[in-house]
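These notes are about the structure you will find just below.
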Amino acid sequence: MPPSAAPDSAASLRALIRQAGDPPLPGSGRTLERWRILADVAARDVAAIKLYEGHTDALAILAELDPDGRVERLARAQIDDTPVWGVWAAQPPNARVDGVAGKEGVTLTGRKAWCSGAAWVTHALVTYFNEAGDAALAAVHLGGAGARVTNEGWHAVGMAATGSVDVCFDATPAWPVGAAGAYVARPGFWHGGAGIAACWYGAALPVLHALAAAQARRGEPHALAHLGRADVAMQQTAALLREAAHAIDADPLGDAQVLALRVRAAAEAAALGVLDAAGKALGPAPFCRDAALARRYADLPVFLRQSHAERDLAQLGQGVAQVSLAEDPWRL
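Reminder that position 167 of the sequence shown reads as 179 in our numbering, one-by-one numbering, no gaps.
See below:
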């Protein structure tokens, strides 16, 4: 598969996974290496990283919540190839999945929204509500009885290649993964959240490279100022990502919420700043005459909306406010 091609079929998604490989697990001592792989894939194609990150996130979740590998073995037994995973955890009020426990697992019924890669993955980790009304996680085979991938719920131009449609379940068999609430409570939840920041960072790099290349050929003072502004933001974000990766590896069972929210906010702001700087410095050319950059300008703003904006900043502020001032979190 060409490096710039977004997956548009199960075969091309598998090719991407084989090409990029399985990155080290977060908190394993090689978190920065994992994030560099994510950033590299994001630099190739924004839609591709959405699907690749979902697959690798599922593997990390299973390693944490199903350490004996039972779910992976069951999934492998259902298909003739290695499972390709998605993680579908959005729970909007108009799309709910309920689960009923049985002898061999759980059956899922309802509609799941924002199911990236639904037409191409073989299995997904899906959040649902159990009979007690608690949020839980299950692994489901998309080829199983009662699972139906729709063409509904996704009309975006940006990130169109991710195919993030609605999926309906009707008493579809699945396997519980971890205890109720474990998906959010586990330390790796925020490790994965921080990894998204590495994706956003990598996705902005080709735009920054285009801006830098243009100014290397013919520097214009105002455009050079935009390049300088973008460079500062991206360098700051890179430093935060390195620091967060080392902190996670030093304390893999610790609470990484503040770290994750901080790097996500920095990466979002830096990526938006790069888009703005390049647009102002280069004019309409990237939007109109460069197909790859035009696609990135359409995809990246949609991808960045995985951020919860001010809600995430408020949550970060709450976490920072709870840190003892004696620790002085801003000391150089």
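Built from N, CA and C at the ideal position, the CB exists for glycine as well. All values reported here derive from a predicted model rather than from experimental measurement.
Close-in-space but distant-in-sequence residues of the same chain around residue i (CB under 8 Å, 5 per side omitted)
i: Asp-430; result: The question about residue 430 has no answer, for the chain in this structure spans 13 to 344.
i: Ala-226; result: Ala-235, Ala-293, Leu-294
i: Pro-218; result: Ala-55, Ala-304, Leu-305, Arg-308
i: Glu-232; result: Ala-293
i: Pro-341; result: Val-332, Val-335
i: Met-13; result: With a pLDDT of 36 at Met-13, under the threshold of 50, the modelled position of this residue cannot be trusted; read the value that follows with caution. Same-chain partners within the cutoff: Pro-19, Ser-24, Ala-27, Leu-28, Gln-31.
i: Asp-267; result: Pro-199, Trp-202
Same chain, Cβ closer than 7 Å to residue i, five either side skipped, listed in chain order
i: Ala-224; result: Leu-239
i: Asp-324; result: Leu-273, Arg-276, Ala-277
i: Gly-41; result: Asp-261
i: Thr-68; result: Asp-34, Pro-35
i: Gly-117; result: Pro-185, Ala-186, Trp-187, Pro-188
i: Ser-319; result: Arg-276, Glu-280
i: Glu-76; result: Arg-198, Gly-200
i: Gly-170; result: Ala-310, Asp-311, Pro-313, Val-314
i: Ala-150; result: Gly-111, Val-118, Leu-120, Val-138, Tyr-140, Ala-186, Trp-187, Pro-188, Val-189
i: Ala-256; result: Ala-206, Leu-271, Val-275
i: Thr-174; result: Ala-59, Lys-62, Leu-63, Ser-128, Gly-129
i: Ala-102; result: Ala-125, Trp-126
i: Ala-242; result: Leu-220, Leu-223, Gly-285, Val-286, Ala-289
i: Ala-107; result: Arg-123, Lys-124, Ala-125, Asp-178
Exposed unless 16 or more other CB atoms sit within 10 angstroms - verdict on residue i
i: Gly-200; result: buried
i: Ser-176; result: buried
i: Ala-144; result: exposed
i: Leu-265; result: exposed
i: Cys-211; result: buried
i: Val-286; result: buried
i: Lys-115; result: exposed
i: His-167; result: exposed
i: Val-112; result: exposed
i: Pro-104; result: exposed
i: Arg-301; result: exposed
i: Ala-59; result: buried
i: Ala-289; result: buried
i: Gly-193; result: exposed
i: Asp-57; result: buried
i: His-258; result: exposed
i: Gly-39; result: buried
i: Arg-46; result: buried
i: Glu-339; result: exposed
i: His-221; result: exposed
i: Val-53; result: buried
i: Ala-237; result: exposed
Endpoints, beta strand (DSSP E) assigned at residue i
i: Leu-137; result: 135-141
i: Arg-160; result: 159-161
i: Leu-149; result: 147-153
i: Gly-122; result: 118-127
i: Asp-340; result: Where Asp-340 is concerned, there is no enclosing beta strand (DSSP E), given that its DSSP letter is neither H nor E.
i: Ala-113; result: 109-113
The alpha helix (DSSP H) enclosing residue i, as first and last residue numbers
i: Gly-240; result: 233-262
i: Trp-212; result: 200-229
i: Gly-291; result: 269-294
i: Val-169; result: Counting along the chain, Val-169 falls outside any alpha helix (DSSP H), and DSSP gives it neither H nor E.
i: Val-196; result: 194-197
i: Pro-35; result: It is not in any alpha helix (DSSP H) - Pro-35 carries neither H nor E in the DSSP assignment.
i: Val-189; result: First-last for Val-189: undefined, no H or E at that position.
i: Gln-330; result: 322-333
i: Leu-305; result: 303-316
i: Ala-297; result: 297-300
Cut-off 6 Å between Cβ atoms - residues of its own chain near residue i, not counting five sequence neighbours on either side
i: Ala-17; result: The predicted position of Ala-17 is uncertain, since its pLDDT is 45 and thus under 50; a value taken from the coordinates is nonetheless stated next. Hits under 6 Å: none found.
i: Gly-100; result: The identity of residue 100 in the sequence shown is Trp, whereas the question assumes Gly. If we look at Trp-100 and ignore the five residues flanking it on each side, its Cβ neighbours are Lys-124, Cys-127, Ala-136, Val-138.
i: Val-179; result: Lys-124, Cys-127, Ala-130, Val-161
i: Ala-216; result: Ala-283, Val-286
i: Ala-87; result: Pro-95, His-135
i: Leu-37; result: Ala-72, Ala-75
Chain C contact for residue i (CB, 8 Å cutoff)
i: Pro-35; result: The question asks about chain C, but that chain is absent: this structure has only one protein chain.
On the three-pair Cβ rule with 8 Å, is the region 143-161 touching the region 197-215?
no
Taking contact to mean 3 or more Cβ pairs, one atom from each stretch, closer than 8 Å, check whether the region 66-86 and the region 326-339 are in contact.
no
Any chance you could list the beta strand (DSSP E) runs of at least 3 consecutive residues sitting entirely within the region 82-107, in chain order?
97-100
Report the start-end ranges of each beta strand (DSSP E) in the region 52-80 that is 3 residues or longer and not cut off at the edges.
none
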